[in-house]
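Engineer:
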Amino acid sequence: MKYASVTDRLAGLAGAKWALHARARAMKAAGEDIIEFTIGEPDVPTPTAFIEIAQRSMASGRTGYSNGRGEPGLVAALAARYSARRGRPIGPDQIMCLPGTQTVLYAILRTLAETGDEVLIGDPMYATYEGLIAQTGATAVPVTLHPEKGFRMQVADVEARITPRSRVLFLNTPHNPTGAVLRPEDIRALGELARKHDLWILSDEVYEDMIFPGVSFASPLDFPELAERTVIACSISKSHAAPGFRSGWCVGPAEFCARLLPLSETMLFGSQPFIADLTEFAVSEPSPVAAGMAERFSRRADIIAQALDGVGGLRVHRPEAGMFILIDVRATGLSGETFAGTLLDQQKVAVMPGESFGAGLSGWLRLSLTQPDDRIIEATKRIAAHAAAILGNAA
Ligand SMILES: Cc1ncc(COP(=O)(O)O)c(C=O)c1O
């Protein structure tokens with residue numbers, strides 16, 4: 252039988268990147284004690300208050316159809332939140348609610364790019380971005396993010412990759428997997444470039460509320476001169492420890508939202524009102540769990556850096572936000588994949604190979620910061636022993 256070409260473009264993109272995670276889970280299921288650092292689920296349960304709101308809402312009959320934009324109460328709450336946070340009025344016609352950042356990004360890219368277009372994207376990047384761009388038919392144009400520049404996207408690197416086909420500059424701040432947070436001056440400079448070349452700016456801000464001490468969040472939405480070309484995507488998945496509820500949104504120009512609306516209606520015919528109700532509550536006040544996660548993840552990043560930076564040739568890249576930390580294992584002479592694969596087999600520690608996040612992270616590892624401190628301390632000992640054994644064998 253014949254299939255649409257999108258299935259060819261996406262074939263192998265999702266599963267292959269997570270092969271090590273799947274292998275670690277299979278070993279766990281077979282009874283092995285694996286310390287798992289592969290994925291980034293919040294380390295606390297969804298706050299009970301949110302679950303109770305959803306239950307009460309369901310019981311009160313909020314189980315009918317919604318609409319393609321989102322429940323009016325939630326849309327108004329998001330408009331108020333973004334107006335307050337970004338310091339300028341943002342109206343309900345600039346908001347669209349969809350199930351989770353992943354769906355939001357899918358819909359945004361579907362609205363902005365198609366075959367023949369190019370999407371400029373930092374490399375390394377979050378593992379689903381390649382597929383998100385490929386589904387539109389557009390080409391992903393990687394812009395290398397350099398560790399010595401804190402993995403923050405540099406204007407000169409973007410400019411060098413711009414062509415007449417460039418359509419979207421895809422940002423992610425705070426960034427997964429590097430934990431980099433763009434500064435206002437980065438965004439201002441990237442924004443000037445976007446204006447010069449008439450690019451859309453798409454910013455995935457799902458880790459906005461998980462900034463480590465000493466760093467401040469900035470968004471392209473802060474810059475009125477970028478308003479007509481900026482769309483941001485976000486959700487309650489990370490900030491409110493609620494990934495299973497699948498509740499996200501985008502903020503962008505009213506015309507963009509009007510264009511997106513029929514796509515949303517075609518895809519979904521609206522989201523669940525009881526999930527909108529809990530989200531409305533969640534976004535109307537500071538998250539009860541985000542600050543605690545940021546504090547714990549920052550502390551755990553310190554533990555890992557102190558235990559491993561400079562040990563056995565390893566270098567630790569300290570994140571500024573989010574749920575992950577990177578370790579550079581290039582001095583061992585192994586690829587991230589080989590290091591991670593042998594670490595799993597020999598030391599029962601599961602980490603993601605950097606290669607799963609793009610060529611820019613070859614020879615690196617990504618660890619989530621969501622395990623308890625004692626498991627992290629134990630894992631650092633095993634990682635150090637593994638690196639030492641590799642270097643000993645090579646000597
Ligand atoms: C950078 C980034 N964007 C989007 C997502 C997906 O978020 P959501 O659960 O809101 O779809 C993740 C999840 O890990 C992520 O790290």
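Residue numbers (this note's numbering): 252 to 646.
For glycine and all other residues, C-beta sits at the position ideal for the given N, C-alpha and C.
(1) Note down the Cα distance separating Glu292 from Met544, rounded to an integer number of angstroms.
(2) Is the separation between the beta-carbon of Arg228 and that of Gln386 shorter than 8 Å?
(3) List, from N- to C-terminal side, the beta strand (DSSP E) runs of 3 residues or more that fit wholly inside the segment 474–560.
(4) In three-state terms, what does DSSP make of Asn644?
(5) From Cys508 to Leu529, what distance separates their C-alpha atoms?
(6) Looking at Ser470 and ligand 1, is the gap between the Cβ and the nearest heavy atom below 7 Å?
(7) Assuming Met574 and Leu620 are in contact, meaning their beta carbons sit under 8 Å apart, how far apart are those beta carbons, in whole angstroms?
(8) Among Met252, Ile641, Asp596, Leu618, whose alpha-carbon lies nearest the alpha-carbon of Lys279?
(9) Once DSSP output is grouped into helix, strand and coil, what is the label at Ile413?
(10) Below 7 Å, is the gap between the Cβ of Thr530 and the nearest heavy atom of ligand 1?
(11) Alpha carbon to alpha carbon, how far is Gln622 from Glu531? Give it in angstroms, no decimals.
(12) Quick one: using the 10 Å Cβ neighbour count with 16 as the cut-off for buried, is Asn644 buried or exposed?
(13) Specify the secondary structure class of Arg434 as computed by DSSP and reduced to three states.
(14) If I measure Cβ to Cβ from Gly561 and keep anything under 7 Å in the same chain, skipping five residues before and after, which residues do I get?
(15) Across which residues does DSSP place Arg276 in a beta bridge pair?
(16) Below 6 Å CB to CB, which residues in the same chain sit around Leu612 once its five sequence neighbours on both sides are set aside?
(17) Can you tell me whether Ala305 is buried or exposed? The criterion is at least 16 other CB atoms within 10 Å of its CB, across all chains shown.
(18) Kindly provide the ranges of any beta strand (DSSP E) runs that are 3 or more residues long and lie completely inside the segment 572–612, ordered along the chain.
(19) Count the other CB atoms, across all protein chains shown, that sit within 10 Å of the CB of Val326; report buried if there are 16 or more and exposed otherwise.
(20) Just checking Ser486 against ligand 1 - is the residue's beta carbon closer than 7 Å to any of the ligand's heavy atoms?
(21) Report back the beta-carbon spacing between Arg332 and Val534 to the nearest angstrom; my notes put them in contact at under 8 Å.
(22) Does the beta-carbon of Tyr377, which I'm using as the reference point, lie nearer than 7 Å to any heavy atom of ligand 1?
Structural biologist: Once the coordinates are examined:
(1) Rounded to whole angstroms, Glu292 to Met544 spans 11 Å at the Cα level.
(2) Residue 228 cannot be examined here, being either before or after the span of the chain that is shown, 252 to 646.
(3) As far as the segment 474–560 is concerned, its whole beta strand (DSSP E) runs of at least 3 residues are 481–486, 499–502.
(4) Collapsing the DSSP output to three states places Asn644 in a helix.
(5) For Cys508 and Leu529, the distance between alpha carbons rounds to 23 Å.
(6) Incorrect: Ser470 has no Cβ contact closer than 7 Å to ligand 1.
(7) Indeed they touch by this definition, with Cβ atoms about 6 Å apart.
(8) Ranking Met252, Ile641, Asp596, Leu618 by CA distance to the CA of Lys279 puts Asp596 first.
(9) When DSSP states are grouped into helix, strand and coil, Ile413 belongs to the coil group.
(10) Proximity of the beta carbon of Thr530 to ligand 1 is not indicated: no heavy atom of the ligand is located closer than 7 Å.
(11) Computed Cα separation, rounded: 30 Å.
(12) Under a 10 Å Cβ-count criterion, Asn644 is classified as exposed, with fewer than 16 other Cβ atoms of the shown protein chains found around its own Cβ.
(13) Three-state result, Arg434: coil.
(14) Cβ within range, chain order: n/a, list empty.
(15) DSSP lists no partner for Arg276.
(16) Excluding the 5 residues flanking it on each side, Leu612 has same chain C-beta neighbours closer than 6 Å at Pro375, Gly605, in chain order.
(17) With 16 or more other Cβ atoms within 10 Å, it is buried.
(18) At a cut-off of 3 residues, the continuous stretches assigned as beta strand (DSSP E) that sit fully inside the segment 572–612 are 575–579.
(19) Counting Cβ neighbours within 10 Å, Val326 comes out buried, since at least 16 surround it.
(20) Judged by the Cβ position, Ser486 qualifies as a neighbour of ligand 1 at the 7 Å threshold, a heavy atom of the ligand being closer than this.
(21) Approximately 5 Å separates the beta-carbon atoms of Arg332 and Val534; this is inside 8 Å, confirming the contact.
(22) Indeed, a heavy atom of ligand 1 lies less than 7 Å from the Cβ.
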